[in-house]
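J.: Quick one: this structure, given as structure tokens, is what I'll be asking you about.
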Amino acid sequence: MLKKLCYIFLLLTLSIPLEAQNWSLFTKQHGLPSNNLNDLFVDGPNRVWIASDSGLTFYDGQSFLTYNKTNSNLPSNNIKELEVVNGEVFLISDSGFSTYNGRTFTNYNEQNGLLQNRINSMAVDTSGHIWLAANAGVSKFNGVTFSHDSGRTAKDIVVDDSNRVYILRYTVVFNIPTAGLTVYEMFDGQSWSSPPMGYFADYYRSQFYKSSNGKIFLMPSGGGNQFYAELHYPFNLRKRPINTESTVNRTPRFMKEINGERWMNYWGVTSIYRSLTKDSTYQPMYLTPVNVNVKEMGTDNSFIYISTDQGLLVGPANYQTPQIRKILDINTIDAGININGALFHNYTSGRASFGYPADSNLHLINAANIQLGIKRDSSQGTFRIFPEEIIEQSYVGGPYHNTNQF
Numbered sequence: 002m003l004k005k006l007c008y009i010f011l012l013l014t015l016s017i018p019l020e021a022q023n024w025s026l027f028t029k030q031h032g033l034p035s036n037n038l039n040d041l042f043v044d045g046p047n048r049v050w051i052a053s054d055s056g057l058t059f060y061d062g063q064s065f066l067t068y069n070k071t072n073s074n075l076p077s078n079n080i081k082e083l084e085v086v087n088g089e090v091f092l093i094s095d096s097g098f099s100t101y102n103g104r105t106f107t108n109y110n111e112q113n114g115l116l117q118n119r120i121n122s123m124a125v126d127t128s129g130h131i132w133l134a135a136n137a138g139v140s141k142f143n144g145v146t147f148s149h150d151s152g153r154t155a156k157d158i159v160v161d162d163s164n165r166v167y168i169l170r171y172t173v174v175f176n177i178p179t180a181g182l183t184v185y186e187m188f189d190g191q192s193w194s195s196p197p198m199g200y201f202a203d204y205y206r207s208q209f210y211k212s213s214n215g216k217i218f219l220m221p222s223g224g225g226n227q228f229y230a231e232l233h234y235p236f237n238l239r240k241r242p243i244n245t246e247s248t249v250n251r252t253p254r255f256m257k258e259i260n261g262e263r264w265m266n267y268w269g270v271t272s273i274y275r276s277l278t279k280d281s282t283y284q285p286m287y288l289t290p291v292n293v294n295v296k297e298m299g300t301d302n303s304f305i306y307i308s309t310d311q312g313l314l315v316g317p318a319n320y321q322t323p324q325i326r327k328i329l330d331i332n333t334i335d336a337g338i339n340i341n342g343a344l345f346h347n348y349t350s351g352r353a354s355f356g357y358p359a360d361s362n363l364h365l366i367n368a369a370n371i372q373l374g375i376k377r378d379s380s381q382g383t384f385r386i387f388p389e390e391i392i393e394q395s396y397v398g399g400p401y402h403n404t405n406q407f
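In terms of this note's numbering, the sequence shown opens at residue 2 and continues consecutively.
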């Protein structure tokens with residue numbers, strides 16, 4: 002009788018519908034100049050600018066238009082970073098700094114205004130001025146001319162919503178008061194200073210991540226660290242834990258906040274995780290294969306755009322994560338089912354989840370799993386059996402996708 006019950010509940014599990022929410026991965030075969038996309042900026046509905054190692058691309062929701070050294074006066078095809086201010090595009094390439102007004106590119110290098118051609122990062126203040134970080138110093142571009150502060154090493158740069166400019170001087174952010182090192186500097190509009198750091202004992206990557214709502218993040222440095230920091234004036238790093246449904250032994254490498262939700266990128270495991278609030282559990286999205294490097298994200302409130310090193314990922318802005326767990330209450334039995342392959346067990350609480358009678362806290366089954374067999378060789382009659390464990394599994398719940406990888 003117990004075996005029959007398991008079969009009945011298996012059929013019920015497979016009949017639970019998942020809402021179809023389509024995602025598409027666009028690559029070179031769809032018109033992109035390269036799959037390695039370094040940055041993107043969403044400039045309005047169906048207006049996406051994309052920086053790649055093979056040029057600057059504009060996507061209108063239907064097709065891709067690319068500018069490169071062959072069809073324009075761009076000095077380099079390797080576009081590393083971009084910003085868009087009032088319809089004008091600002092670019093960092095490995096040959097300097099460029100602007101595009103919709104008609105022509107204007108290029109700047111060491112011969113006509115830059116401190117050096119190699120620029121590490123750029124940021125925009127509330128007046129639309131561009132700030133450039135380089136090993137040779139910090140520059141401000143007002144749309145016509147540059148003003149420089151040379152000799153101030155800047156690995157990365159960000160401007161907060163009060164127009165305070167922050168630069169990081171080393172490849173790692175750390176707080177060792179006795180070391181006597183100036184790890185960061187801040188410009189308040191009048192002068193540069195290095196206010197005391199708020200106390201923290203962790204190490205972070207020397208790269209800022211700023212969301213459209215003005216929040217500034219830093220990712221941890223070192224293997225397996227599951228936390229990030231929010232920057233608060235003057236330089237207080239408020240540590241936030243990253244809680245996932247399962248243990249992730251990798252360090253996050255990217256963070257973005259979109260519509261109040263936090264998105265995280267890992268390398269070496271399921272690449273993209275999402276949290277509905279800043280401290281809630283991050284759930285895997287299963288939007289890309291493992292080892293995908295997310296470079297930037299943006300939204301026009303209808304679609305989410307994600308630039309990666311394997312192409313452009315586009316999906317609905319109102320995407321809902323498939324329901325992982327469900328309790329079936331049928332014939333005085335309440336049974337917990339997990340679409341990842343776990344039956345009759347609550348892996349979050351570690352307790353049995355097959356109650357009879359319902360709500361009695363009495364359980365007939367502690368746990369059960371599905372085994373899926375696939376015939377590998379029709380001539381030899383061999384089979385491959387997939388053990389459907391909660392973590393080590395071959396198939397997971399996720400969105401519909403335009404590739405056969407998901």
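Note that the Cβ used here is the ideal one computed from N, Cα and C, for glycine as well.
Helix, strand or coil for LYS408, going by three-state DSSP, please let me know.
T.: Nothing can be reported for residue 408: it is not among the residues displayed for the chain, which extend from 2 to 407.
J.: Would you check if the distance between the CB atom of LEU115 and the CB atom of PHE91 is smaller than 8 angstroms?
T.: no
J.: Where in the region 98 to 145 do unbroken runs of the beta strand (DSSP E), each at least 3 residues long, occur, reported from the N-terminal end onward?
T.: 106 to 109, 122 to 125, 131 to 135 and 138 to 142, all fully within the region 98 to 145.
J.: Determine the DSSP secondary structure at THR278, reduced to helix, strand or coil.
T.: Three-state DSSP puts THR278 in coil, outside helix and strand.
J.: Looking only at its own chain, which residues have a Cβ that is under 6 angstroms from the Cβ of PRO76, when we skip the five neighbours before and after it?
T.: SER96 and ASN108
J.: Grab the span of the beta strand (DSSP E) containing LYS240 for me, first residue to last.
T.: 237 to 242
J.: DSSP three-state label for LYS29, please.
T.: helix
J.: So, helix, strand or coil for ALA202, using DSSP?
T.: coil
J.: Between the region 228 to 242 and the region 290 to 301, can you find at least three pairs of beta-carbon atoms closer than 8 angstroms?
T.: Result no; under three Cβ-Cβ pairs closer than 8 angstroms.
J.: Can you list, in chain order, the residues of its chain whose CB lies under 8 angstroms from that of ASN362, leaving out five sequence neighbours each side?
T.: GLY356
J.: I'd like to check one pair, MET123 with GLU82: are the Cβ atoms closer than 8 angstroms?
T.: yes
J.: Determine the burial state of ILE120: buried for a count of at least 16 other Cβ atoms within 10 Å of its Cβ, exposed for fewer.
T.: buried
J.: Mind checking TRP50: buried by the 16 CB within 10 Å criterion, or exposed?
T.: buried
J.: Mind checking THR67: buried by the 16 CB within 10 Å criterion, or exposed?
T.: It is buried - the Cβ of THR67 has at least 16 other Cβ atoms within 10 Å.
J.: I'd like to know whether the C-beta of ARG48 is nearer than 8 angstroms to at least one C-beta of chain B.
T.: Protein chains in the displayed structure number just one, and chain B is not present.
J.: So LEU418 is in the beta strand (DSSP E); what residue range does that whole segment cover?
T.: With the chain represented from 2 up to 407, any question about residue 418 goes unanswered, as that position is not in the structure.
J.: Measuring alpha carbon to alpha carbon, tell me which residue in TYR274, ASN37, GLU258 and ASP150 is nearest THR252.
T.: The candidate whose alpha carbon is nearest that of THR252 is TYR274.
J.: Are the Cβ atoms of GLY56 and PRO34 separated by less than 8 angstroms?
T.: yes
J.: Where does the unbroken beta strand (DSSP E) through SER68 begin, and where does it stop?
T.: Before going on, a small fix: residue 68 reads as Tyr here, not Ser. First-last of the beta strand (DSSP E) with TYR68: 65 to 68.
J.: Going by DSSP in three states, THR154 sits in which element: helix, strand or coil?
T.: coil
J.: Would you call GLU111 buried or exposed, if buried means 16 or more other Cβ atoms sit within 10 Å of its Cβ?
T.: Only exposed fits GLU111, as fewer than 16 other CB atoms lie within 10 angstroms of its CB.
J.: Under 8 angstroms, do THR179 and SER195 count as touching if we go by C-beta distance?
T.: no
J.: Nearest CA to the CA of ASN118: which residue from PRO317, ALA135 and TYR205?
T.: ALA135
J.: Starting from GLU231, trace the beta strand (DSSP E) in both directions and tell me its first and last residue.
T.: 228 to 233
J.: Could you give the distance in angstroms between the alpha-carbon of ASN347 and the alpha-carbon of TRP24?
T.: For the pair ASN347 and TRP24, the Cα-to-Cα distance works out to about 30 angstroms.
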